[in-house]
Amino acid sequence: MKIQAAITTAPGKPFEIQDVELDAPREDEILVRIVAVGVCHTDLVFKDAGLIPSPAVLGHEGAGIVEKVGSKVRKVVPGDRVTLSFRSCGACPRCKSHDPAYCHTMPQLNYIGMRVDGSKAIAQNGQAVSSNFFGQSSFATHALTYERNVVKVPAGLPLELMAPLGCGIQTGAGSIMRSLACPAGSSLLITGGGAVGLSAVMGAKIQRCETIIVVEPHEGRRKLAQDLGATDVIDPNAAPDLVSAVRTIKAMGVDFAFDTTGIPEIQQAVMKCLAPKGVFGIVGITPPGTPLPGDVNQAMTFGHSVKGIIEGDSDPDEFLPELMNHYRAGNLPLERMVKTFPFTQINEAIAAQHHGDCVKVVLVMDKP
Ligand SMILES: NC(=O)c1ccc[n+]([C@@H]2O[C@H](COP(=O)([O-])OP(=O)(O)OC[C@H]3O[C@@H](n4cnc5c(N)ncnc54)[C@H](O)[C@@H]3O)[C@@H](O)[C@H]2O)c1
Ligand SMILES: [Zn+2]
Ligand SMILES: [Zn+2]
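Using the working numbering, you'd call the opening residue of the sequence shown number -9 and step up by one each time.
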C-alpha cells in the first residue's frame, strides 16, 4: 500500500516526507495506522551517524489503531488502540524471565533496518528502503509491527501521550523504578534533564526518593525538573565542578546515579559523586569505544557498581499498563513534558527540541 514516511537520505541531512510502498502484513505482522509518534534522541543518533543505510524509515515510539493483522496474530484485532515498544523474540532465556530488553536477538530484531530474513518491508520506486527499526519504523502514516511490540491502550488515554511510553518514558521511569529500584528515602543524581532524565525524575518521585538532584544546562528544563519533583538542580555551566556541586548537597555522595547525557567526562565525574555501595546506571549513548567510567580500585574500595541499562529493564506488557495507571492517577504528568507538532513538521520539531524550547516532541498525523 502507498503510505507517507519521513525518509533519511544521508547522515546529517534533514528528514524528507515522501510517498513509499509498504508491504502487506505477513502472517506474524500487524498493520498499524500511526496516530502519533514520539521522537527519541536514539532516532537522531541512528540518522546522523548513518547506523542504518539510507534511505531509511526510523521512528520507534509509535501509537495508533490496528488496521489489519496476519493470520497468526492473536493479541490484537483491527480497531484496537495500541502503543508500540521495542521488539523481542519471546523465546530466549531473557525473554522467558520477563527481561526482554536484553533479548538474545535484540540487535537483529531492532537495529539492522530489515526483517531477520533480510527483506525490507518498505520500497520506493522499486528500491528497498531500510525499515523494521525497533520492529516498527513508525515515522510514517502506517507501520508493520509484531505482537511483542504492541500494548493495548485503554479508551480515554490520549495516544499522543501514550506513544513515548514505548521508549523514552519507560527508559527514564523504568531505570529508577526497575533497573536501579531506588528505595524510598534514597538519594539520586540524574545527569541530563531531557525526556529520559525528566521521566526518571517522575519515576524517582513515585519511588519516594528523598534527594533528587538534576544536572541540566537548559533553564526551562531545570525549572520543569523542580516542578516534577527534583529537590535540587545544578546548571553545569555555572557549576563546572560537578563533584563538589553534588557533595555540597550530599556530603557523603549519592546512593544512585543515572546518566542520560552520554558525555564521557560527565560519566567519569559521576563516579566520584557516589556514596559507598553507590550504583550508577547508564542509558546515554556514548561515542563508540568509550570505556566504562571510574577507577577499579575506587570501585572496589567503596563497593560501587556501574550498570548498563536498556529500556529501563521494562517488560512492556507489564510495565506500560503500570505507567498508564500512574498517568491516570496523576503521578506521571506527561502532558507537562510533551509538545505535539504535525508530522510534516518533523525537522522543525527536532530543531525546537534541540534548542530546548520543548522536551519531548510527539508528531501527530493528519486525520484520515
Ligand atoms: N539505553 C536505552 O535504552 C535508551 C533509551 C532511550 C534513549 N536513550 C539515550 O538516552 C539519552 C537521553 O535521551 P533523551 O531523549 O532524554 O535525550 P535529550 O537530548 O532529550 O536529553 C539529554 C539532555 O542532556 C542535557 N545535557 C547536555 N549537556 C549536558 C551537560 N554537560 N550536563 C548535563 N546535562 C547535559 C541536554 O540539555 C538534554 O536535556 C540519549 O543518548 C538517547 O539516545 C537510551
Ligand atoms: Zn528511544
Ligand atoms: Zn528473546
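All C-beta atoms, glycine included, are put in the ideal place defined by N, C-alpha and C.
Note that the structure is a prediction, hence the values are computed from the model and not measured.
**Message:** For ligand 5, is there any heavy atom lying closer than 7 angstroms to the beta carbon of Thr32?
**Reply:** The model depicted lacks ligand 5 and carries ligand 1, ligand 2 and ligand 3 instead.
**Request:** Can you give me the Cβ contacts of Gly175 inside the same chain, cut-off strictly under 6 angstroms, excluding the 5 residues immediately before and after it?
**Result:** Sequence index remark: in the sequence shown, residue 175 carries index 185 (1-based). The answer, listed in chain order, is Glu200.
**Request:** State yes or no: is the C-beta of His50 nearer than 7 angstroms to some heavy atom of ligand 2?
**Result:** As a first step, residue 50 is located in the sequence shown; it is residue number 60 there, counting from the start. The answer is yes for His50.
**Prompt:** Apart from the five residues just before and just after Ala153, which ones in its own chain have a Cβ nearer than 7 angstroms to its Cβ?
**Reply:** Position 163 of the sequence shown, counted from the first residue, corresponds to residue 153. Ala26, Val27, Gly28, Glu51, Gly52, Ala53, Thr73 and Val352, listed in sequence order.
**Prompt:** My guess is that Thr359 and Ile7 are in contact by the Cβ rule of under 8 angstroms, so how many angstroms apart are they, rounded?
**Reply:** This structure cannot settle anything about residue 359, because the visible part of the chain is limited to -9 through 358.
**Message:** Residues in the same chain with beta-carbon distance under 6 angstroms from Ala194, minus the five sequence neighbours each way, listed in chain order, please.
**Reply:** Numbered from its first residue, the sequence shown carries residue 194 at position 204. Once the five neighbours on either side are set aside, the close Cβ partners of Ala194 are Ile166, Leu178 and Ile202.
**Asked** Does the beta-carbon distance from Gly80 to Arg138 come in below 8 angstroms?
**Response** Translated into the one-based positions of the sequence shown, residue 80 becomes position 90. Translated into the one-based positions of the sequence shown, residue 138 becomes position 148. Going by C-beta atoms, Gly80 is nearer than 8 angstroms to Arg138.
**Request:** Look at the Cβ atom of Lys37, then the Cβ atom of Glu11, and state whether they are nearer than 8 angstroms.
**Result:** The residue labelled residue 37 in the question sits at position 47 within the sequence shown. The residue labelled residue 11 in the question sits at position 21 within the sequence shown. The answer is no: Cβ separation not under 8 angstroms.
**Asked** Which term fits Ser109, buried or exposed, when burial requires 16 or more other beta carbons within 10 angstroms of its beta carbon?
**Response** To locate residue 109, count along the sequence shown from 1; it is residue 119. With fewer than 16 Cβ atoms within 10 Å of its Cβ, Ser109 is classed as exposed.
**Item:** The alpha helix (DSSP H) enclosing Pro97, as first and last residue numbers
**Value:** Within the sequence shown, residue 97 is the residue found at index 107, counting from 1. Element bounds for Pro97: Met96 to Asn100.
**Prompt:** Which value, in whole angstroms, describes the spacing of the CA atoms of Ser44 and Gly156?
**Reply:** Position 54 of the sequence shown holds residue 44. Position 166 of the sequence shown holds residue 156. Whole-angstrom Cα-Cα distance: 24 angstroms.
**Asked** Under the three-state reduction of DSSP, which class applies to Phe188: helix, strand or coil?
**Response** Reading the sequence shown from its first residue, position 198 is the one you call residue 188. Note on residue identity: the sequence assigns Leu, not Phe, to residue 188. Note: Leu188 maps to helix in three-state DSSP.
**Closest residue to Val296 among Val273, Thr251, Asp307 and Pro277 (Cα-Cα distance)** = Within the sequence shown, the letter at position 306 stands for residue 296. Cα-wise, what sits closest to Val296 is Val273.
**Item:** Collapsed DSSP secondary structure at Thr276 in the structure displayed
**Value:** Within the sequence shown, numbered from 1, the residue matching residue 276 stands at position 286. Coil at Thr276, not helix or strand.
**Message:** Can you tell me whether Gly293 sits near ligand 2, meaning its C-beta is under 7 angstroms from at least one heavy atom of the ligand?
**Reply:** Taking the sequence shown and counting its residues from 1, one reaches residue 293 at position 303. Gly293 Cβ: outside cutoff for every heavy atom of ligand 2.
**Beta-carbon proximity of Ala91 to Asp303, cut-off 8 angstroms** = Numbered from its first residue, the sequence shown carries residue 91 at position 101. Numbered from its first residue, the sequence shown carries residue 303 at position 313. In contact: Ala91 and Asp303 (Cβ atoms closer than 8 angstroms).
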